[in-house]
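As given, the protein sequences belong to chains G and E, one line each in that order.
Counting in our numbering, the first sequence runs from 101 upward without gaps.
Counting in our numbering, the second sequence runs from 101 upward without gaps.
Protein chains: 2
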Amino acid sequence: MTRGKSSPAAIQQAALELFADHGVAGTSLQMIATKLGVTKAALYHHYKTKDGIIRAVIAPAMKGFEEMVAAARTLPEASQKQHYLIRALADQAVHNRQLYLVMLQDSSATTLMERDPDYRKIFEEMQMILCGENLGPEAVLRVTMFLMSLVAPVQASRSVDINDATLRQTIIDVGETILRC
Amino acid sequence: MTRGKSSPAAIQQAALELFADHGVAGTSLQMIATKLGVTKAALYHHYKTKDGIIRAVIAPAMKGFEEMVAAARTLPEASQKQHYLIRALADQAVHNRQLYLVMLQDSSATTLMERDPDYRKIFEEMQMILCGENLGPEAVLRVTMFLMSLVAPVQASRSVDINDATLRQTIIDVGETILRC
DNA sequence: GTCTATATGCCGATAGAC
DNA sequence: GTCTATCGGCATATAGAC
């Protein structure tokens, strides 16, 4: 990390790491500024509000959701869409572990996202595809269980060492068995 | 909820509901007091600090972990212990949805718990039992994925209606398939 | 056991010098 | 683009009356 200098990208990275460790509400602008070696005021040159920083941090995750749903949509069969989405989610969860942790289990982050109608639409389509043909309560529960399990990479890598390929394959295995493929 | 009166039990219940909605760090004593119809100062008659309230809220979950691990420990075979623990966790997650949500995915709550050596010991034993005979990285990952999925009941019941029996049975099914029983 | 009032400090946010 | 200095507000926590 470049000390004493801030940029939108550096701020996002520092914020994401702190969000993953202390939660969004538990992270102050002072903590982000200190981590970057600047003062709080410097952050305001790049972002007008703390909300702006939070949005910038989770935006890539929302964009990723949008792209993978759009790609799945073009596939002909429901089961192909489902398989594609499970793989795409596994990829993203492995390569953006902290981001998926924050996005999926931080109360402030989820509240922000759910206020965005576009995101809600995308998320509903994702749920539908992951359910396969079925849309009953049990299928929704299984989808939710799978999505919640995507935060495991961060939690597990605190105590054991797992390489990305194994991580990805295990998530796919679990996803396909939970969702009955 | 009895308005205008507070007691340790009422405070815990009000706090738990707010913690589940806004996160621990996102919940102020003022919010808890307002929900109970009293002033902040009244809360301090029952608890010395906010930390004390948080501890009181998550204590039952930690006690539940302790009891189910102790019960599993008395069983003769590893696979029996594993099956018992999956069922016990499913029961508790269904009947204490908000508590399991807070305990498993709130950063402030998990930080507090992990500072308790007794809890860490119990949690490690639980991981070991859920792994079955195996203790490799992939098994730890699968256990973590299962535990994280236990927050799904709260999330899913925001959009669909699932009865407790179906909920419990689905969690058990998913747990046994994830953990390869 | 709850209240009013207050202490002290950190929060997000802004103004203006350099 | 970063700094110092400051604002108003709300946070946790306390003192003492009723």
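From the three backbone atoms N, C-alpha and C, an ideal C-beta is built for every residue, glycine too.
Here the structure is a predicted model, which is why all the values come from computation and not from measurement.
Best match in Glu-276/E, Thr-277/E, Pro-253/E for proximity to Lys-266/E [C-alpha to C-alpha]: According to the sequence as given, residue 266/E is Thr; it is not Lys. Answer by Cα proximity: Pro-253/E.
Integer Cβ distance of Ile-153/G from Ala-209/G, believed to fall under 8 angstroms: That belief does not hold up - the Cβ atoms of Ile-153/G and Ala-209/G are roughly 12 angstroms apart, past 8 angstroms.
Nonlocal neighbours in the same chain, by C-beta distance under 7 angstroms from Ile-132/G, ignoring five residues either side: Ile-111, Ala-114, Ala-115, Leu-118, Leu-143
Residues near Arg-242/G by beta carbon distance below 7 angstroms, same chain, minus five either side: Ile-278, Leu-279
Bounding residues of the alpha helix (DSSP H) (the contiguous stretch that carries Val-260/E): Counting along the chain, Val-260/E falls outside any alpha helix (DSSP H), and DSSP gives it neither H nor E.
Member of Met-203/E, Gln-182/E, Phe-246/E whose CA lies at the smallest distance from the CA of Cys-281/E: Gln-182/E
Ser-107/E burial status per 10 Å Cβ neighbour count (16 or more: buried): exposed
Runs of alpha helix (DSSP H) wholly within the stretch 125-187 of chain G (minimum 4 residues, chain order): 129-136, 140-146, 150-173
Contact with chain G by Val-260/E, beta-carbon distance below 9 angstroms: yes
Under the three-state DSSP convention, the category Cys-231/E falls into: helix
Given Arg-352/G as reference, the closest of Leu-204/G, Asn-196/G, Met-203/G once Cα atoms are compared: Residue 352/G lies beyond the range of chain G shown here (101 to 281); nothing can be said about it.
Buried versus exposed call for Lys-105/G [16 or more other C-beta atoms within 10 Å across all chains shown]: exposed
Interface residues of chain G facing His-183/E [CB-CB closer than 9 angstroms]: Result: empty, since nearest Cβ-Cβ is about 17 angstroms, beyond 9 angstroms.
7 angstroms Cβ shell around Gln-227/G - same chain, five flanking residues per side excluded: Val-240, Val-243
Cβ of Val-274/G within 9 angstroms of any chain E Cβ: yes
Rounded distance between the beta-carbons of Gly-123/G and Ala-120/E, thought under 8 angstroms: In fact, because the Cβ distance is near 14 angstroms, the residues do not count as touching under 8 angstroms.
Where Gln-205/G meets chain E, residues with beta-carbon distance less than 7 angstroms: Gln-205
Cβ of Gly-264/G within 9 angstroms of any chain E Cβ: For the record, residue 264/G in the displayed sequence is Asp; it is not Gly. Output row for Asp-264/G: interface = no.
Which of helix, strand or coil DSSP assigns to Ser-208/G: helix
Neighbourhood of Ile-272/G by C-beta distance below 7 angstroms, restricted to the same chain and skipping five residues each side: Ile-186, Arg-187, Ala-190
Inter-residue spacing [alpha-carbon to alpha-carbon] between Leu-250/G and Tyr-200/G: 7 angstroms
Collapsed DSSP secondary structure at Asp-216/G in the structure displayed: coil
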